[in-house]
Amino acid sequence: MTHYMKLKRAPFDKIKNGTKTVEMRLYDEKRQLLDVGDIIEFSCVDNDEKLVCKVISLNKYSTFEELYATVPLERCGYSADEILAASANDMLEYYSLEKQRQYGVLAIELKLNS
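In our numbering, the protein residues as written are 2 to 115.
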């Protein structure tokens with residue numbers, strides 16, 4: 002099955018260049034349809050560029066705080082310098098704590114299709 006998601010330029014480019022192999026999302030109704038082996042087509046919101054990735058694994062957590070404590074952050078696209086300042090609160094820009102508690106969150110391990 003193919004799923005469609007949007008990304009801002011920075012995370013899009015990190016997936017494209019291989020420095021981001023885990024996408025973090027809310028485990029909402031749309032993400033509950035994901036299965037290992039599925040395809041995700043990411044569209045960059047800043048242009049019409051697209052990336053196609055295969056879902057390698059899915060790991061569910063209660064909150065981004067739990068995810069950040071478990072998943073190596075460099076796999077989530079953080080550089081060595083950024084990891085020192087990285088916080089689960091970074092994700093509040095996208096998902097409220099209420100939504101995190103309602104749905105849980107997901108670490109989607111990806112492999113870029115060549």
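Virtual Cβ for every residue (Gly too), placed ideally from N, Cα, C.
Per-residue burial, residue i [other beta carbons within 10 Å of its own, 16 or more giving buried]
{"i": "L34", "result": "exposed"}
{"i": "I41", "result": "buried"}
{"i": "V106", "result": "buried"}
{"i": "A70", "result": "exposed"}
Sequence-distant residues of its chain with Cβ nearer than 8 Å to residue i (five each side left out)
{"i": "V37", "result": "V56, I57, S58 and L59"}
{"i": "L85", "result": "none"}
Neighbourhood of residue i by C-beta distance below 6 Å, restricted to the same chain and skipping five residues each side
{"i": "R76", "result": "T22 and V23"}
CB of residue i within 8 Å of CB of residue j, strictly
{"i": "L8", "j": "Y104", "result": "no"}
Own chain, CB closer than 7 Å to residue i, minus 5 neighbours either side, in chain order
{"i": "Y79", "result": "A87"}
{"i": "M92", "result": "M25 and F65"}
Host alpha helix (DSSP H) of residue i (start-end)
{"i": "L98", "result": "L98 to Y104"}
Range of the contiguous beta strand (DSSP E) that encloses residue i
{"i": "T3", "result": "T3 to L8"}
Check your understanding: Does the region 6 to 17 come within contact of the region 86 to 100, defined as at least 3 CB pairs closer than 8 Å?
Key -> With a cut-off of 8 Å, the region 86 to 100 and the region 6 to 17 do not count as touching, because too few Cβ pairs lie within range.
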